[in-house]
Amino acid sequence: EEYTQLLANIHSNLEEPFGSVKIGCPETWNPNKFYGKIKEYFDAHYPAVKLDIECFRLPELLSRLQSGKLDIIMTHDFYPPVQYGLEVKHIADTGCGVLCSKAWFGHVESISDLDGVDFLTFDVDLDKKFGQTIRKICMEYGIAANLRNCGQYSNALFEMSCGKGVMFFTEWDNVVSNTEYKYLPLNNTFPTNIIYPSVTSNANTHIIADELNVKAVEFKEDVSAYTDYQFKPQLRTVGPKYGKYLKQIQTA
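This is the structure in structure tokens:
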């Protein structure tokens, strides 16, 4: 019910009429994990609407949302505080675990057996928060997390395949079902969020804020609270005609 209400709120914020809703998700995700519920809702309420799923690297998702190229993005809670003009809603808690190569780590039965092994990451922009998450989970299992950033997802996946480290994934990630890899599920869950423009947002507010060097830009219909009018007479103009009344005019 909460999920359905959330989808209704998202729809009310999108411009009408529209023929499609573009949903963005991380390139590692398997859209089948969430597409069914979203499609079921729109089929029931807005059957003419076409749903498009597009996958991108995590840093690209926000920029495409802000530029209007995506209507909604779904992501795990790896982002720093989102830009103004966007709504963030929690939609699910997904299971998570560690993925490793069967050829190199076939003997591993628990994350506790990975002490000293490199945890491979692949996104510099999200490395700090992602790293904190990995360290926290590893600490719960009594092991030290050695993080190594490989720059790109494909590089990290290749390194993992070669036995040079392991990777942290959630159940929504597509690669988890690959038969070449061993997935060690954890008791932890990871929050998943949906992000979309708020009703009062403007696609260019982040650009304006950057240019003005301010934290936020807000659009208002009524600006009376921010304005103050004062009228002063041009003395050289009114003086010759209303000279004897000039003092009264000045104080009026």
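With the working numbering applied, the sequence shown corresponds to residues 76 to 327, in that order.
Just so it is clear, CB atoms sit at the ideal spot from N, CA and C, and this is done for glycine as well.
Beta carbon proximity, residue i to chain D, threshold 8 Å
i, result
"residue 315", "The structure shown contains no chain D; it holds only a single protein chain."
Cβ pair residue i, residue j closer than 8 Å
i, j, result
"residue 249", "residue 103", "yes"
"residue 206", "residue 196", "yes"
"residue 254", "residue 171", "no"
"residue 247", "residue 169", "yes"
"residue 228", "residue 174", "no"
"residue 148", "residue 136", "yes"
"residue 99", "residue 145", "yes"
"residue 191", "residue 231", "no"
"residue 270", "residue 162", "yes"
"residue 256", "residue 176", "yes"
"residue 226", "residue 234", "no"
"residue 194", "residue 222", "yes"
"residue 126", "residue 114", "yes"
Local conformation of residue i per DSSP, three classes
i, result
"residue 196", "strand"
"residue 114", "helix"
"residue 122", "coil"
"residue 97", "strand"
"residue 127", "strand"
Element boundaries [alpha helix (DSSP H), containing residue i]
i, result
"residue 313", "310-317"
"residue 323", "321-326"
Residue nearest to residue i in terms of C-alpha spacing, selected from the options
i, options, result
"residue 272", "122, 115, 183, 138", "138"
"residue 189", "208, 147, 242", "242"
"residue 217", "187, 230, 284, 142", "187"
"residue 132", "101, 115, 110", "101"
"residue 121", "164, 110, 95", "95"
"residue 25", "145, 97, 130, 166", "Nothing can be reported for residue 25, as the shown portion of the chain is limited to 76 through 327."
"residue 306", "326, 322, 233, 288", "326"
"residue 185", "261, 116, 115, 322", "261"
"residue 179", "214, 222, 236", "236"
"residue 140", "160, 321, 208, 309", "160"
"residue 124", "134, 252, 105, 97", "97"
"residue 105", "116, 130, 119, 164", "130"
"residue 238", "118, 183, 210, 309", "183"
If we require 3 or more residues per run, which beta strand (DSSP E) segments fall completely within the segment 142-194? Within the segment 142-194, the complete beta strand (DSSP E) runs of at least 3 residues are 147-151, 161-176.
Inside the segment 215-279 only - beta strand (DSSP E) runs reaching at least 3 residues: With a minimum length of 3 residues, the continuous beta strand (DSSP E) runs that stay inside the segment 215-279 are 221-224, 242-245, 256-272.
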